[in-house]
Amino acid sequence: MPSNNPLPELGDPDLRSPRSYLRWLIGRQSRTLFLGVFWGCLWMASMGLTPFAIGRAIDAVSDKDTGRLWTWTGAIIGLALVTTVGSVLRHRCDTIGRLKANYLTFRLVASHATRLGATLSKRVSTGEVVAIGTADITRIGALPGALARGIGSAVTVVLVAVVLLSTSVTLGLLVLIGVPALLMGTGPLLSPLHKRIGNYRDLQGDLTSRAGDIVSGLRVLRGIGGEATFGERYRKDSQRVRQAGVHVAKIESVLPAAEVLLPGIFVVAVVWFGARQTIGGDLTAGDLVAAYGYAAFLMLPMRTATSAVQSFVGADVASKRVVGVLSLEPEPTGDTAPPVVSEAPDLYDATSGLRVHPGVMTAIAAATPEEGAEIAERLGRYAEGRVTVGGVPLETLPLDQVRDLVLVARNDDFLFSGVLAEDLGGRSDQVRAQALHDANAEDIVEALPDGLDTVVSEGGASFSGGQQQRLRLARALAAQPPVLVLVDPTSAVDAHTESVIAERLHTSRSERTTVVVTNSPLLLDRADEVAFVEDGKVVMTGTHRELVSGSSQYAAVVMREEA
Amino acid sequence: MSLPVADAKTVRRHVRGLVRSHTGLLTRTVLWFVLATACGLVVPALLGELVEQVEKGVTTTRVDVTVLVIAGLLILQGVFTRTARLEGARLGELVLADIREGFIRRVLTLPLHTVEKAGGGDLLTRSTRDVDSLSRAVRMGAPSILVAGLSVALTLVALAVTSPLMVLPCLVAVPVIVWSTRWYLKRARDAYLAEAASYSDLTQGLNETVSGARTVESLRRSGPRVRRTDAHVERANRAERRTLFLRSVWFPLMDFGYILPVAATLLFGGLFYIEGWVSLGEVTAATLYTRAVIDPLDELLGWLDELQVGDASLARLIGVESAVEPERTTDRRPADDRLTAEGIAYGYRPGHDVLKDVSLSTGAGERVAVVGPSGAGKSTLARILTGIHGPRTGSVTLGGVPVHEMPLEELRRHVALVTQEHHVFLGSVRDNVALAAPDATDAEVTAALTAVAADAWVQALPDGIDTELGTEETPVSPAQAQQLALARLVLADPHTLVLDEATSLLDPRAARDLERSLAGVLRGRTVIAIAHRLHTAYDADRVVVMEDGRITEQGPHAELVSAHGTYAGLWESWHGRGPST
């Protein structure tokens, strides 16, 4: 049996076209495929020989020869055993081939998604990628088995043809030409089927997105009502999928009919031809029965081949989507050799004129929140900009190094499901515990049934907004990046918690470079330096107190006055 | 924590219901299949006759006529098969649409905490992978089972008619087939359910990786994400290996069971013939019939396997039903617009109450601000007040009627909740704003957008309020999403509103401006606003301070500030003036 390591090396898929990806995938499991073909041939050939043994047994009965009857009955059972073994081993190869193709594709997509990172959500919707991970891998997984069965069928057809040729050249030729002609007979159906299935898949993808949308927005709906509206919208989309399904079936239903009709007509043709020859005296009645038996048997490889063709179509459509996602490239990255950057580098953003001094906490107070967020995006190279870090232009650095150097933490950062400690990360338990303390988040963990080992749900859904924000902050602090850029880290917490965080944040980040985008007077007051941004430019710098007394615009933006 | 899965009995009841609601189409489909099968059974008989004719020696014309009849029957069989398949597909698509729409209907009435605990991936897998495998079972399995079942039954009838004695040798296979099939079916259901569950995890993991793609990049989490995918793949692989094992036992036994009757028929038939009990023709016919039964029987039993997969999926789809709350049926109508909570306690886990004995009553048109440290139970209070959860003890009533007993549709006409969650739905601006008031006119939608100061940016969109949102061309910022949420509320126009940090994502100044303009639009409405920004409290008629699941202080802003309690402390530190700890 082929080995079944579910986690082989991912390798380097051939993404030039959907077909070439499928070829690459198949090439990765040539051994499994080879074994599958081998057992498939054995399975089918032993079935093909069974009519022969039955014929001999019937002869023995008609001759009333008990000894030969036992012999041929034994032969039938022997062939049955070979069929049985061939069948189950072929099925095992099919299944393992399916799993290999499934898992390899799934892991490629999942790991590519992590590599694309922020680029991914800009290019494709979540529903689309999830559809690949569910429906499309199933279709691609069907390919190895279909291929093995298809090849097994072809080989068996050739074998039967050889047997037939040795009986009668004309009959043999009829079979040899007839079977491929029959297969081609279904060809014209496939192109429109392909198109309709593609359309059906697209609509189904939309429906999946709609379902995902409803599931994600369920809490919003629950608060304001509108469940009925959404149920109705889903129903409409679902009905469109239903109509597309019927549209597909209009062509698809012709295939099983063709499966009955074409081989049937073929058998009739063989028998008709044989019968006329027999009457002419060119063939014996025994040859005719044999020819009938073989032609009738050919139904099986034919049917197998037809379903294999259906699988190819499905896999091709699915592969197109997979290749589409796998071909997405991360945004271009620099390749300067990593410069020696200190533990606490300085930063300069030429667009806004913001200068961040090393090892201190700089706060950005902006007249509108967008201006501050834009600077943060540039500092993390999520947006184009002219930023230097330790004197080196950010865009010349490899992206990996930028990510190691600068962490931009925002409120839309995702909290992952699973054991909380894993999501929080941190080099050691101690670093993590300190980060939780600094984010004033210890009480959240204490209230959990298993503390840090508690399995939490997706998106931090079981936590309140303020709790989520503190956990996000703790996670960012635990990462201990040389440069930490926090965007509105306390916007969802109460004043008391905010003042505790402001105090601890400063201590926690001493000796490292920290940028906080905020309009909270509590945080601004704790910053070593405050840059006031208006119209995207730094217009003033100084301490919070200096700016409050020096600029009425600044005071108006940050002070929480009563009226 | 996964969502529930329906038991076998519930699934059967559900299937019976589906059959009943599509009797007409089902009957037509069966009829076409019967015709197709009948044509199919006549063809081999005629072929056999042809072979016999040739052996006896007949004219070419006779051969030609027989061949033409056979060809005609084959064409008929092809046409009937096509029609039957198409009707079957129509039926299948109808049934599938029924099931998935019913599924979403149930999802829409699921209690929130159930969904939150299970995570979105479980629901997503159910609505995709399970719908898909069910689709296979329904679209292809059901017709095949019909055809195969009919073929098996009719062929066995033919065998019994030809020679009743020759039925006996077939019986040797019955114990093998019955025993192994029972062995398999007993284990298969659980194994396939486990397999489906393992794929749920796989999907959920991918869903999170994609939803959190930016976070994965910024926090350098691709390693752990990849390892997690791999762990899920390993688990799915183990589940698949288990079902493969079951099939590896069952399939060979079945294959062997099929050929056993053929061998037995030949052997015993031969012996019977030698004894003179049956004719040679009967032995031959019986052998051909036992062989003819193999294919359809195999298809029939093979689909049992697929049916199990479909059954497992169906169980997961309709299993959601058991998590649905009992329908809220009270037909009592609120006597007035007063929302009152009395002695409510609530916890998400037994023994861990988040709210402990909270009482709060509001006067019509009153503006109440709820403040307190994060984790004090403010959001839970909002959910209980708006009837999303029923309280564990105590009661929340609207005009004397318990809110969690009122049908949601009715309740939302009176009380609505807007949280800080900023989900933008797939669809246009109008779809997003008018979801609770689908009949709203353009003018009403625009007015609602104006009330939340969102008119400017919406008008700047390429198609105004008809612009599709949630696509890459028109990203919506969290602050804009929050404006949309509030516009939704204005349009829904309930008399009591609970706002849980509904403006927290706007910048403070804009938030305050928005709150004030909202206050104008919402004049006369009762507003309970949960906020960490104390402007909201300052502007409110009454401030309620919550700490550790209890209300510790309440009163007007000025009164609380001069009382020098918790609120006064909060107010001081909010201005950066207080003694910081």
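Those protein sequence lines, which keep their order, are chains A and B.
If you're matching positions, the first sequence starts at 86 in my numbering and goes up one per residue.
If you're matching positions, the second sequence starts at 577 in my numbering and goes up one per residue.
Just so it is clear, CB atoms sit at the ideal spot from N, CA and C, and this is done for glycine as well.
Subject >> Against chain A: residues of the stretch 846 to 859 of chain B by CB proximity under 7 angstroms >> reply: Answer set for the stretch 846 to 859 of chain B: G846, Y849, I850, L856 and V859.
Subject >> Classification of H928(B) by the beta-carbon crowding that lies within 10 angstroms, buried from 16 upward >> reply: Locating residue 928(B) in the second sequence gives position 352, counting from the first residue. Label assigned to H928(B): exposed.
**OP:** Measure from the C-beta of P229(A) to each C-beta in chain B and report whether the shortest distance is under 8 angstroms.
**Re:** The sequence position of residue 229(A) within the first sequence is 144, counting from 1. Chain B, which has no Cβ nearer than 8 angstroms to the Cβ of P229(A), makes this no.
Original post:
Who are the Cβ neighbours of G235(A) in its own chain at under 6 angstroms, not counting the five residues just before and after it?
Top reply: If you number the first sequence from 1, residue 235(A) lands on position 150. Closer than 6 angstroms at the Cβ level, and outside the excluded window around G235(A), lie A390 and A393.
Original post:
For the 8 angstroms Cβ check, are there 3 or more pairs between the stretch 1112 to 1125 of chain B and the stretch 1138 to 1146 of chain B?
Top reply: In this structure the stretch 1112 to 1125 of chain B touches the stretch 1138 to 1146 of chain B; the number of beta carbon pairs closer than 8 angstroms is three or more.
Original post:
Of all Cβ atoms in chain A, is any one closer than 8 angstroms to the Cβ of A647(B)?
Top reply: Here the question's residue 647(B) lines up with position 71 in the second sequence. It does; some Cβ of chain A falls within 8 angstroms.
Original post:
Does E94(A) come within less than 8 angstroms of chain B when only Cβ atoms are used?
Top reply: As a working mapping, residue 94(A) is identified with position 9 in the first sequence. It does not; no Cβ of chain B falls within 8 angstroms.
Original post:
In terms of residue numbering, what span does the beta strand (DSSP E) encompassing I1104(B) cover?
Top reply: By 1-based counting over the second sequence, the position of residue 1104(B) is 528. Counting along the chain, the beta strand (DSSP E) containing I1104(B) begins and ends at T1102 to I1106.
Original post:
When the cut-off is 8 angstroms and only beta carbons count, does W879(B) lie next to chain A?
Top reply: As a position in the second sequence, residue 879(B) is number 303, starting the count at 1. Output row for W879(B): interface = no.
**OP:** With distances taken Cα to Cα, identify the nearest neighbour of P800(B) among N813(B), L782(B), A812(B) and G678(B).
**Re:** Position 224 of the second sequence holds residue 800(B). Of the listed residues, the one whose Cα sits closest to P800(B) is L782(B).
Original post:
Which term fits R463(A), buried or exposed, when burial requires 16 or more other beta carbons within 10 angstroms of its beta carbon?
Top reply: Translated into the one-based positions of the first sequence, residue 463(A) becomes position 378. With 16 or more other Cβ atoms within 10 Å, it is buried.
Original post:
Straight-line CA distance for E942(B) to E677(B)?
Top reply: In the second sequence, residue 942(B) corresponds to position 366, counting from 1. In the second sequence, residue 677(B) corresponds to position 101, counting from 1. Those two C-alpha atoms are separated by around 41 angstroms.
Subject >> A329(A) versus A296(A), H279(A) and G310(A), residue with shortest Cα-Cα distance >> reply: Counting from 1 along the first sequence, the entry for residue 329(A) is found at position 244. When the alpha-carbon of A329(A) is set against those of A296(A), H279(A) and G310(A), the nearest one is in H279(A).
Original post:
Roughly how many angstroms separate the alpha carbons of L1082(B) and R318(A), rounded to a whole number?
Top reply: Counted from its first residue, the second sequence places residue 1082(B) at position 506. Counted from its first residue, the first sequence places residue 318(A) at position 233. The C-alpha of R318(A) is placed about 30 angstroms away from the C-alpha of L1082(B).
Original post:
Relative to chain B, which residues along the stretch 520 to 532 of chain A have a C-beta separation below 7 angstroms, given in chain order?
Top reply: Correct list: D528 and I529.
Subject >> Residues near E588(A) in its chain [Cβ-Cβ closer than 7 angstroms; skip 5 each side] >> reply: In the first sequence, residue 588(A) corresponds to position 503, counting from 1. Same-chain partners within the cutoff: R611.
**OP:** Report yes if the C-beta distance between L1090(B) and V1028(B) is below 8 angstroms; otherwise report no.
**Re:** For the purposes of this step, residue 1090(B) is taken as the residue at position 514 of the second sequence. For the purposes of this step, residue 1028(B) is taken as the residue at position 452 of the second sequence. Contact: yes.
Original post:
Hey, V215(A) and G297(A): beta-carbon distance below 8 angstroms or not?
Top reply: As a working note, residue 215(A) is residue 130 in the first sequence. As a working note, residue 297(A) is residue 212 in the first sequence. Contact annotation: V215(A) and G297(A) have beta-carbon atoms nearer than 8 angstroms.
**OP:** Answer with yes or no whether the minimum CB distance from Q324(A) to chain B is below 8 angstroms.
**Re:** Stepping through the first sequence from its first residue, residue 324(A) is reached at position 239. Q324(A) belongs to the set of residues whose beta carbon lies under 8 angstroms from a beta carbon in chain B.
Original post:
Hey, A1095(B) and G308(A): beta-carbon distance below 8 angstroms or not?
Top reply: Here residue 1095(B) refers to the residue found at position 519 of the second sequence. Here residue 308(A) refers to the residue found at position 223 of the first sequence. No. Outside cutoff.
**OP:** Please say whether T135(A) and I162(A) have beta carbons closer to each other than 8 angstroms?
**Re:** Taking the first residue of the first sequence as position 1, residue 162(A) is located at position 77. Taking the first residue of the first sequence as position 1, residue 135(A) is located at position 50. Inclusion of I162(A) and T135(A) in the CB contact set at 8 angstroms is not warranted, their separation being larger than that value.
Original post:
Taking the continuous alpha helix (DSSP H) assigned at E625(A), which residues delimit it?
Top reply: For the purposes of this step, residue 625(A) is identified with residue 540 of the first sequence, where counting begins at 1. For clarity, residue 625(A) is Met in the given sequence; the question names Glu instead. Looking at the DSSP string, M625(A) is not in any alpha helix (DSSP H); the run it does join, the beta strand (DSSP E), is K622 to G627.
**OP:** Look up P1155(B) in the DSSP assignment and say whether it is helix, strand or coil.
**Re:** Start at 1 with the first residue of the second sequence, and residue 1155(B) comes out as number 579. Low confidence applies to P1155(B): its pLDDT is 44, below 50, so where it sits in the model is not reliable enough to give any reading.
Original post:
Are there 16 or more other CB atoms within 10 angstroms of the CB of M86(A), so buried, or fewer, so exposed?
Top reply: Locating residue 86(A) in the first sequence gives position 1, where the first residue counts as 1. Low per-residue confidence applies at M86(A): pLDDT is 47, beneath 50, and the placement is therefore not dependable, though the value from the model is reported in the following sentence. Residue environment for M86(A): exposed (fewer than 16 other C-beta atoms within 10 angstroms of its C-beta).
**OP:** Give the residues from the stretch 753 to 764 of chain B that approach chain A closer than 7 angstroms (Cβ to any Cβ), ordered along the chain.
**Re:** So nothing in the stretch comes that close.
**OP:** Please check if any C-beta of chain A sits within less than 8 angstroms of the C-beta of P949(B).
**Re:** Start at 1 with the first residue of the second sequence, and residue 949(B) comes out as number 373. Chain A contact via Cβ: present.
Original post:
By DSSP, does A494(A) sit in helix, in strand, or in coil?
Top reply: By one-based count along the first sequence, residue 494(A) stands at place 409. Look at A494(A) here: in three-state DSSP terms it is strand.
**OP:** Measure the Cβ-Cβ separation of A687(A) and T785(B) and say whether it is below 8 angstroms.
**Re:** Absent from the model: residue 687(A). The displayed extent of chain A is 86 to 648, so no value can be given.
Original post:
Taking Cβ-Cβ distances below 7 angstroms as the criterion, which residues of the stretch 389 to 423 of chain A are in contact with chain B?
Top reply: Those would be none; no residue qualifies.
Subject >> Under 8 angstroms between C-beta atoms of L822(B) and S338(A) >> reply: The residue you call residue 822(B) lines up with position 246 of the second sequence. The residue you call residue 338(A) lines up with position 253 of the first sequence. No, Cβ-Cβ distance for L822(B) and S338(A) is not below 8 angstroms.
Original post:
Where does the unbroken beta strand (DSSP E) through T1079(B) begin, and where does it stop?
Top reply: As a first step, residue 1079(B) must be located in the second sequence, where it is residue number 503. DSSP places T1079(B) in no beta strand (DSSP E); its state is neither H nor E.
Original post:
Do Q552(A) and G951(B) have their CB atoms nearer than 8 angstroms?
Top reply: By one-based count along the first sequence, residue 552(A) stands at place 467. By one-based count along the second sequence, residue 951(B) stands at place 375. Yes; because the gap between Cβ atoms is below 8 angstroms, this pair is in contact.
Original post:
Less than 8 angstroms separating the beta-carbons of A1078(B) and T995(B)?
Top reply: Against the second sequence, residue 1078(B) aligns to sequence position 502. Against the second sequence, residue 995(B) aligns to sequence position 419. Closer than 8 angstroms, so yes.
Original post:
Short check: CB of G475(A) to CB of D431(A), under 8 angstroms?
Top reply: The sequence position of residue 475(A) within the first sequence is 390, counting from 1. The sequence position of residue 431(A) within the first sequence is 346, counting from 1. Pairing G475(A) with D431(A) gives a Cβ-Cβ distance under 8 angstroms.
Original post:
In chain A, which residues lie with their C-beta within 9 angstroms of the C-beta of I1041(B)?
Top reply: Taking the first residue of the second sequence as 1, we reach residue 1041(B) at position 465. What I1041(B) touches in chain A: nothing, since even the nearest Cβ is about 16 angstroms away.
Subject >> Boundaries of the alpha helix (DSSP H) in which F315(A) is found, first to last residue >> reply: Here the question's residue 315(A) lines up with position 230 in the first sequence. Secondary structure note for F315(A): its alpha helix (DSSP H) is the uninterrupted segment E312 to E337.
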